[in-house]
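Data block below; observations after.
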Amino acid sequence: MKQIETDVVVIAGGSSGLAAAVTAAENGARVTVFEKASTTGGAANMAMGLFAVESRLQRIKQVGLTTDEAFKMFMEYTHWKGDARLIKTYIDRSASTIDWLEGLGVEFLDVYNHNPGLYYTWHVVKPSSGAFAAGSGGTLVKILTDTARELGVKVYMQTPVKKILKQNDRVTGVIAVDASGEEIKATAKAVIVATGGFGDNPEMIKERLGFEYGKDFFPHKIPGLAGDGLKMAWEAGAAQTQIIMHLVGGGPTIMTGFGFTFNQPNLAVNLLGERFMNEEEMIHNLAFCGNAISRQKDRRAYIIFDEDARRYYEDVKVDFPFVGFPVSKAENFDSELKQALDGGNENIFVFNSLDEFIAKTGVDPEGFKKTLERYNKACETGRDEEFNKKARFLRPVKKPKFYAARLFCDGFGTLGGIKINYKTEALDKESKAVPGLYACGSDANSMYGDTYCYLLSGNTLGFAINSGRMAGESATKYAKSSLN
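Written as structure tokens, this is what we have:
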């Protein structure tokens with residue numbers, strides 16, 4: 218067994234772990250990161266931007282939102298189910314974290330709102346291409362990784378941690394295993410858990426959250442997010458918290474004009490053939506949309522529009538293009554539709570009649586026909602008696618061909634699991650700190666109650682980076698304290 222000595226061990230090199238490692242090193246700690254994958258970053262490589270309030274970019278854009286206002290909104294949205302002191306600390310530090318990242322060389326395109334009606338809190342990272350693009354968080358990851366190494370952080374790749382060590386109730390290090398199978402015992406004064414939850418563990422998701430992969434749940438699967446950090450922290454004495462899925466709902470994720478047509482606020486029905494929400498939630502709050510779909514039979518629903526709507530989207534514009542993407546029309550609808558169908562996309566459909574739609578989807582015929590009659594009447598009168606959808610989104614479903622997509626529950630990953638305080642100290646069942654144990658990022662993100670806060674965009678990456686910085690500071694202070 219190989220043995221090493223360090224001040225702070227960080228379990229996993231995602232965005233939160235990297236932020237913790239860089240911060241600890243900046244504060245004079247010897248830091249070792251153990252990452253089980255062959256690359257750093259984890260889910261952050263798919264991310265785009267992070268939350269902040271009162272930042273430099275917001276001042277330039279004249280965004281009037283204050284930290285106090287954001288805190289009040291956040292707590293009211295989540296019904297005060299999160300740790301108020303932790304949330305306040307996170308929000309208050311968020312602008313300085315943008316400054317810190319910029320000081321490391323991270324550039325931001327601008328500050329955006331993720332959906333119409335939301336606040337401009339989403340600070341989108343500028344990728345190497347210089348253009349708004351999914352996955353721009355990878356640029357941030359590279360800068361954090363390079364900075365960590367420049368500061369002397371030891372980063373072990375393909376070396377998963379298997380156990381957190383304790384002696385006399387204090388955490389004393391970890392056991393890891395490298396790519397060759399050799400065990401490494403790392404003695405440390407503090408350990409930070411930052412493994413990103415269990416978004417890629419079907420068994421744990423079914424057991425804890427009740428969703429089944431490929432049946433009623435179709436998540437963004439980030440390889441390696443298996444819940445190992447949670448299990449090790451619990452074994453080391455950390456208390457468990459509520460765990461939720463960062464749930465979203467909608468149609469197929471295809472970032473083109475064609476793809477956007479299946480995520481417009483058109484008629485949506487469940488298997489009973491009934492409407493179940495104001496379809497505007499598809500553009501205003503994807504978390505609420507996910508909640509609504511999750512309550513339906515088989516957690517399944519369908520959205521449908523007709524040839525007239527398709528022509529409008531193709532010739533004029535889609536009602537709602539995804540923020541930041543320079544696409545406003547479905548100009549290549551036919552070719553992209555063919556590509557999707559030929560490629561085996563099972564969530565997009567084309568029908569010559571509404572009877573075909575009913576037969577293919579299994580929607581209740583009587584229920585759907587009654588719903589369609591009421592809906593088309595609402596389109597004629599401009600008043601939606603059922604859910605009060607705005608008149609400009611009331612498009613009748615009458616003219617063949619008909620285009621439909623399955624609406625399903627999607628998820629960006631799990632949130633929560635390790636109980637922490639505002640210092641990111643892991644707490645036991647008596648709410649006392651487990652000496653030497655810290656947690657950050659999605660493993661410890663229990664801020665939301667039962668639903669992710671879409672009102673203020675960018676919270677997952679925002680909490681990851683901010684809580685990582687907080688953990689790096691706290692762990693270093695503990696490691697240097699005279700008590701050790």
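Residue numbering for the sequence shown follows this note's numbering, beginning at 218 and increasing consecutively.
C-beta atoms are modelled at their ideal positions from N, C-alpha and C, and glycine is treated no differently.
Here the structure is a predicted model, which is why all the values come from computation and not from measurement.
Residue range of the alpha helix (DSSP H) that includes residue i
i       : result
Arg-186 : The requested residue 186 is not part of the displayed model; the chain covers only 218 to 701.
Lys-577 : 571–578
Gln-556 : 550–559
Tyr-294 : 284–294
Val-239 : 232–243
Phe-475 : 474–478
Phe-505 : 503–511
Phe-585 : 582–598
Distance CB(residue i)-CB(residue j) smaller than 7 Å
i       : j       : result
Val-391 : Val-378 : yes
Ser-232 : Ile-682 : yes
Asn-487 : Gln-513 : yes
Ile-520 : Leu-624 : yes
Tyr-529 : Ala-547 : no
Met-664 : Gly-266 : no
Phe-619 : Asp-559 : no
Pro-440 : Ala-622 : no
Lys-448 : Gln-220 : no
Beta-ladder partner(s) of residue i, from DSSP
i       : result
Gly-266 : Val-341
Asp-645 : According to DSSP, which records beta bridges pairwise, Asp-645 is partnered with nothing at all.
Cys-626 : Gly-466
Lys-371 : Thr-249
Gln-457 : Ile-635
Ile-565 : Ala-622
Ala-403 : Ile-221, Val-391
Phe-325 : Val-342
Leu-673 : Tyr-336
Tyr-519 : Val-486, Arg-623
Val-226 : Thr-249, Val-408
Gly-258 : Gly-231
Range covered by the beta strand (DSSP E) that runs through residue i
i       : result
Val-540 : Where Val-540 is concerned, there is no enclosing beta strand (DSSP E), given that its DSSP letter is neither H nor E.
Leu-484 : 484–487
Pro-652 : 650–656
Val-430 : The identity of residue 430 in the sequence shown is Tyr, whereas the question assumes Val. Careful: Tyr-430 lies outside any beta strand (DSSP E) and carries neither H nor E.
Glu-222 : 219–222
Ala-390 : Sequence inspection shows Gly at residue 390; the Ala mentioned does not correspond to that position. Where Gly-390 is concerned, the enclosing beta strand (DSSP E) stretches over 387–394.
Lys-380 : 378–384
Top-ranked residue by Cα proximity to residue i, from the options
i       : options                            : result
Arg-516 : Phe-428, Leu-368, Val-567          : Phe-428
Leu-368 : Ala-246, Asn-508, Lys-555          : Ala-246
His-296 : Asn-676, Ser-691, Tyr-669          : Tyr-669
Val-544 : Ala-350, Leu-382, Met-290          : Ala-350
Lys-646 : Phe-435, Tyr-671, Ala-453, Asp-559 : Ala-453
Gly-466 : Ser-648, Gln-459, Thr-598, Phe-479 : Phe-479
Phe-325 : Asn-332, Pro-333, Thr-338, Gly-334 : Thr-338
Leu-412 : Gly-634, Leu-672, Glu-583, Glu-286 : It should be pointed out that residue 412 corresponds to Thr in this sequence rather than to Leu. Nearest of Gly-634, Leu-672, Glu-583, Glu-286 to Thr-412, Cα basis: Gly-634.
Phe-434 : His-463, Lys-448, Thr-283, Gln-556 : His-463
Ala-485 : Met-499, Phe-475, Thr-473, Gly-474 : Met-499
Worksheet item: Counting pairs of Cβ atoms below 8 Å between the segment 444–451 and the segment 603–617, do you hit three or more?
Response: no
Worksheet item: Does the segment 304–324 touch the segment 246–261, meaning 3 or more C-beta pairs lie closer than 8 Å?
Response: With a cut-off of 8 Å, the segment 304–324 and the segment 246–261 do not count as touching, because too few Cβ pairs lie within range.
Worksheet entry | Contact the segment 234–242 vs the segment 275–286: 3+ CB pairs below 8 Å | no
Discussion item. Does the segment 627–637 come into contact with the segment 410–425, if we say contact requires no fewer than three beta-carbon pairs (one atom in each stretch) closer than 8 Å?
Written reply: yes
Worksheet item: Does the count of Cβ pairs from the segment 594–603 and the segment 640–658 closer than 8 Å reach three?
Response: no
Discussion item. Quick test of the definition: if touching needs 3 or more C-beta pairs under 8 Å, does the segment 682–699 touch the segment 394–407?
Written reply: Contact between the segment 682–699 and the segment 394–407 is present, because at least three Cβ pairs lie under 8 Å.
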